[in-house]
Amino acid sequence: PKIIPSIKNENLSPVIFKGIIDYVSDFYDCAKVCDSLLTEVENKTDLIVPVGFDLEWPFSFQTGSGKTALVQICLSEAVCYLLHVYNIQKLPASFIALLSHPKVKLVGVNIKNDIWKLTRDFKEFPGQKVVDNNCLDCGTYANKILKRSCRWSLEKLTAYLLEKHINKDPSVRRSKWHIHPLNSAQKLYAATDAFVSLLLYLKIEEKNKILGQIKEQTGLVS
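Put into C-alpha coordinates, the structure is as follows:
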(Lines of atoms letter the chains of each structure in order from A; the text may use other names.)
(Lines give C-alpha, C1' and ligand atoms only; values in the text may rest on other atoms or scores of the structure.)
Protein backbone atom coordinates (compact mmCIF):
# COMPACT_ATOMS: atom_id res chain seq x y z
CA PRO A 573 0.00 0.00 0.00
CA LYS A 574 1.04 3.58 -0.63
CA ILE A 575 2.04 5.66 2.34
CA ILE A 576 0.44 9.09 2.37
CA PRO A 577 2.96 11.98 2.24
CA SER A 578 3.52 13.53 5.64
CA ILE A 579 1.73 16.79 6.34
CA LYS A 580 3.50 19.13 8.72
CA ASN A 581 1.52 19.32 11.94
CA GLU A 582 2.68 22.85 12.72
CA ASN A 583 0.62 24.07 9.78
CA LEU A 584 -2.56 22.51 11.15
CA SER A 585 -4.74 23.55 14.07
CA PRO A 586 -5.30 20.95 16.78
CA VAL A 587 -8.55 19.04 17.12
CA ILE A 588 -9.74 19.08 20.72
CA PHE A 589 -12.87 17.55 22.21
CA LYS A 590 -14.87 20.37 23.81
CA GLY A 591 -17.93 18.48 25.02
CA ILE A 592 -18.67 16.82 28.35
CA ILE A 593 -16.34 14.02 29.43
CA ASP A 594 -18.26 11.46 31.49
CA TYR A 595 -15.67 9.38 33.35
CA VAL A 596 -16.77 6.27 35.26
CA SER A 597 -14.69 3.59 36.89
CA ASP A 598 -16.74 0.92 38.64
CA PHE A 599 -18.82 -1.96 37.30
CA TYR A 600 -22.21 -0.49 38.16
CA ASP A 601 -21.51 2.96 36.74
CA CYS A 602 -20.15 1.39 33.53
CA ALA A 603 -23.29 -0.74 33.28
CA LYS A 604 -25.50 2.30 33.89
CA VAL A 605 -23.78 4.34 31.14
CA CYS A 606 -24.08 1.46 28.66
CA ASP A 607 -27.76 0.91 29.56
CA SER A 608 -28.42 4.58 28.85
CA LEU A 609 -26.54 4.43 25.54
CA LEU A 610 -28.41 1.26 24.53
CA THR A 611 -31.69 3.11 25.01
CA GLU A 612 -30.34 6.05 23.00
CA VAL A 613 -29.29 3.74 20.14
CA GLU A 614 -32.62 1.90 20.10
CA ASN A 615 -34.59 5.16 20.07
CA LYS A 616 -32.74 6.48 17.03
CA THR A 617 -34.52 6.07 13.70
CA ASP A 618 -31.18 5.66 11.90
CA LEU A 619 -30.36 2.19 10.65
CA ILE A 620 -26.69 2.76 11.50
CA VAL A 621 -25.42 4.53 14.61
CA PRO A 622 -21.70 5.35 14.30
CA VAL A 623 -19.77 5.20 17.56
CA GLY A 624 -16.29 6.69 17.85
CA PHE A 625 -14.34 4.02 19.71
CA ASP A 626 -10.87 3.64 21.17
CA LEU A 627 -8.93 1.91 23.93
CA GLU A 628 -5.99 2.84 26.13
CA TRP A 629 -3.75 0.53 28.12
CA PRO A 630 -0.43 0.78 29.96
CA PHE A 631 2.72 -0.29 28.16
CA SER A 632 6.24 -0.93 29.37
CA PHE A 633 9.30 -2.11 27.48
CA GLN A 634 9.88 -4.68 30.23
CA THR A 635 6.45 -6.35 30.31
CA GLY A 636 4.82 -5.20 27.06
CA SER A 637 1.14 -4.33 26.79
CA GLY A 638 -0.88 -4.35 29.99
CA LYS A 639 -4.58 -5.08 30.36
CA THR A 640 -7.09 -2.74 28.70
CA ALA A 641 -7.47 0.18 31.10
CA LEU A 642 -9.86 2.56 29.36
CA VAL A 643 -12.66 2.29 26.81
CA GLN A 644 -13.68 5.50 25.02
CA ILE A 645 -17.15 5.77 23.46
CA CYS A 646 -18.35 8.85 21.55
CA LEU A 647 -21.72 9.17 19.79
CA SER A 648 -21.68 12.94 19.32
CA GLU A 649 -19.67 16.11 19.88
CA ALA A 650 -21.72 16.76 23.02
CA VAL A 651 -20.38 14.00 25.27
CA CYS A 652 -17.68 11.34 25.35
CA TYR A 653 -17.82 8.43 27.79
CA LEU A 654 -14.64 7.11 29.36
CA LEU A 655 -15.04 3.72 31.03
CA HIS A 656 -12.09 2.88 33.29
CA VAL A 657 -12.30 -0.91 33.17
CA TYR A 658 -8.85 -1.88 34.43
CA ASN A 659 -10.10 -3.02 37.84
CA ILE A 660 -13.28 -4.63 36.48
CA GLN A 661 -13.06 -8.42 36.33
CA LYS A 662 -16.00 -8.98 33.99
CA LEU A 663 -17.59 -6.59 31.50
CA PRO A 664 -21.22 -5.56 32.14
CA ALA A 665 -23.80 -7.32 29.95
CA SER A 666 -25.03 -3.89 28.78
CA PHE A 667 -21.50 -3.05 27.55
CA ILE A 668 -21.43 -6.19 25.39
CA ALA A 669 -25.01 -5.57 24.21
CA LEU A 670 -24.11 -2.00 23.19
CA LEU A 671 -20.98 -2.88 21.21
CA SER A 672 -22.71 -5.81 19.47
CA HIS A 673 -26.03 -4.03 18.83
CA PRO A 674 -27.22 -4.51 15.20
CA LYS A 675 -27.38 -0.72 14.64
CA VAL A 676 -23.97 0.10 16.11
CA LYS A 677 -20.90 0.62 13.94
CA LEU A 678 -17.71 1.09 15.94
CA VAL A 679 -15.59 3.48 13.89
CA GLY A 680 -11.88 4.20 14.10
CA VAL A 681 -8.52 3.54 12.47
CA ASN A 682 -7.33 -0.06 12.90
CA ILE A 683 -10.47 -0.61 14.94
CA LYS A 684 -10.32 -4.40 14.73
CA ASN A 685 -7.02 -4.46 16.61
CA ASP A 686 -8.73 -2.77 19.55
CA ILE A 687 -11.56 -5.30 19.47
CA TRP A 688 -9.14 -8.23 19.51
CA LYS A 689 -7.25 -6.59 22.38
CA LEU A 690 -10.50 -6.28 24.36
CA THR A 691 -11.29 -9.93 23.57
CA ARG A 692 -7.92 -11.12 24.86
CA ASP A 693 -8.37 -9.19 28.10
CA PHE A 694 -12.03 -10.07 28.71
CA LYS A 695 -12.85 -13.63 27.67
CA GLU A 696 -16.62 -13.03 27.77
CA PHE A 697 -16.41 -10.38 25.04
CA PRO A 698 -17.66 -11.75 21.67
CA GLY A 699 -14.79 -10.40 19.58
CA GLN A 700 -15.43 -12.38 16.41
CA LYS A 701 -19.09 -11.33 16.32
CA VAL A 702 -18.23 -7.66 16.85
CA VAL A 703 -15.42 -7.72 14.25
CA ASP A 704 -17.74 -9.35 11.70
CA ASN A 705 -20.79 -7.16 12.30
CA ASN A 706 -19.95 -3.96 14.16
CA CYS A 707 -16.57 -2.64 12.99
CA LEU A 708 -15.90 -0.04 10.33
CA ASP A 709 -12.28 0.91 9.73
CA CYS A 710 -12.05 4.55 8.70
CA GLY A 711 -8.80 3.97 6.82
CA THR A 712 -10.27 1.15 4.71
CA TYR A 713 -13.47 3.13 4.19
CA ALA A 714 -11.53 6.24 3.11
CA ASN A 715 -9.55 4.21 0.57
CA LYS A 716 -12.76 2.74 -0.84
CA ILE A 717 -14.61 6.06 -1.20
CA LEU A 718 -11.63 8.16 -2.30
CA LYS A 719 -10.20 5.44 -4.57
CA ARG A 720 -6.91 5.41 -2.68
CA SER A 721 -4.66 2.61 -1.45
CA CYS A 722 -2.92 4.23 1.51
CA ARG A 723 -1.86 2.87 4.86
CA TRP A 724 -3.45 5.33 7.26
CA SER A 725 -2.77 6.13 10.89
CA LEU A 726 -5.27 8.14 12.92
CA GLU A 727 -2.95 11.16 12.75
CA LYS A 728 -2.43 10.97 8.98
CA LEU A 729 -6.09 10.45 8.16
CA THR A 730 -7.03 13.36 10.45
CA ALA A 731 -4.50 15.62 8.73
CA TYR A 732 -5.66 14.53 5.27
CA LEU A 733 -9.45 14.62 5.75
CA LEU A 734 -10.01 17.11 8.57
CA GLU A 735 -6.90 19.25 8.04
CA LYS A 736 -6.26 19.12 11.78
CA HIS A 737 -3.64 17.52 13.95
CA ILE A 738 -4.06 15.39 17.06
CA ASN A 739 -1.93 16.03 20.10
CA LYS A 740 0.05 12.81 20.57
CA ASP A 741 2.14 14.01 23.52
CA PRO A 742 4.27 10.96 24.43
CA SER A 743 4.08 11.80 28.13
CA VAL A 744 0.30 11.32 27.96
CA ARG A 745 0.19 8.56 25.35
CA ARG A 746 2.60 6.39 27.34
CA SER A 747 1.21 7.34 30.73
CA LYS A 748 -0.06 4.99 33.43
CA TRP A 749 -3.58 4.47 32.08
CA HIS A 750 -4.34 1.85 34.74
CA ILE A 751 -3.90 4.26 37.65
CA HIS A 752 -7.18 5.60 39.03
CA PRO A 753 -8.28 8.33 38.73
CA LEU A 754 -7.02 9.60 35.39
CA ASN A 755 -5.84 13.20 35.29
CA SER A 756 -7.43 15.89 33.13
CA ALA A 757 -4.75 15.64 30.39
CA GLN A 758 -5.35 11.89 30.07
CA LYS A 759 -9.11 12.36 29.94
CA LEU A 760 -8.90 15.01 27.23
CA TYR A 761 -6.42 12.96 25.18
CA ALA A 762 -8.63 9.86 25.39
CA ALA A 763 -11.88 11.67 24.62
CA THR A 764 -10.32 13.46 21.65
CA ASP A 765 -9.16 10.19 20.07
CA ALA A 766 -12.67 8.71 20.14
CA PHE A 767 -14.21 12.00 18.98
CA VAL A 768 -11.80 12.23 16.03
CA SER A 769 -12.71 8.68 15.01
CA LEU A 770 -16.36 9.74 14.82
CA LEU A 771 -15.50 12.94 12.91
CA LEU A 772 -13.49 10.94 10.36
CA TYR A 773 -16.39 8.57 9.70
CA LEU A 774 -18.82 11.48 9.28
CA LYS A 775 -16.41 13.26 6.91
CA ILE A 776 -16.02 10.16 4.74
CA GLU A 777 -19.81 9.71 4.68
CA GLU A 778 -20.19 13.33 3.60
CA LYS A 779 -17.70 12.82 0.76
CA ASN A 780 -19.49 9.60 -0.25
CA LYS A 781 -22.81 11.45 -0.56
CA ILE A 782 -21.24 14.27 -2.59
CA LEU A 783 -19.60 11.78 -4.96
CA GLY A 784 -22.93 9.98 -5.31
CA GLN A 785 -24.69 13.23 -6.20
CA ILE A 786 -22.02 14.07 -8.79
CA LYS A 787 -22.43 10.65 -10.40
CA GLU A 788 -26.21 11.12 -10.57
CA GLN A 789 -25.87 14.58 -12.10
CA THR A 790 -23.42 13.39 -14.74
CA GLY A 791 -25.55 10.37 -15.60
CA LEU A 792 -22.99 7.84 -14.42
CA VAL A 793 -25.59 6.14 -12.26
CA SER A 794 -28.59 4.67 -14.05
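Position in the sequence shown (from 1) plus 572 gives the number in the working numbering.
From the three backbone atoms N, C-alpha and C, an ideal C-beta is built for every residue, glycine too.
Under the criterion of beta carbons closer than 8 Å, V703 and G624 do not qualify as touching, at roughly 17 Å. Pairwise C-beta distances place the stretch 697–713 in contact with the stretch 661–681, as three or more of them are shorter than 8 Å. The DSSP-derived three-state label of Y658 is coil. Counting along the chain, V613 sits inside the alpha helix (DSSP H) bounded by residues F599 to N615. A contact between stretches requires three or more CB pairs, one per stretch, nearer than 8 Å, and the stretch 642–656 meets this requirement with the stretch 590–609.
Residues C606 and L610 of the same chain have their beta carbon placed closer than 8 Å to that of A669, with the five preceding and five following residues left out of the count. Look at the stretch 732–782 and you find these whole runs of alpha helix (DSSP H), each 4 residues long or longer: 742–745. Contact check for F667 against C602 passes: the beta carbons are separated by less than 8 Å. Beyond the five residues adjoining it in sequence on each side, L584 comes within less than 8 Å, by CB distance, of A731, E735, K736 and H737 in the same chain, given in chain order.
Rounded to the nearest whole angstrom, the C-alpha separation of A641 and D598 is 12 Å.
Taking 8 Å as the cut-off, the Cβ atoms of D594 and L654 count as close.
Taking the CA atoms as reference points, K775 sits about 14 Å from A766. Of the candidates W629, K719, N615 and P586, the residue whose Cα lies closest to the Cα of H750 is W629. If you look at K728, you'll find it in the alpha helix (DSSP H) that goes L726 to L729. Pairing H656 with V613 gives a Cβ-Cβ distance that is not under 8 Å.
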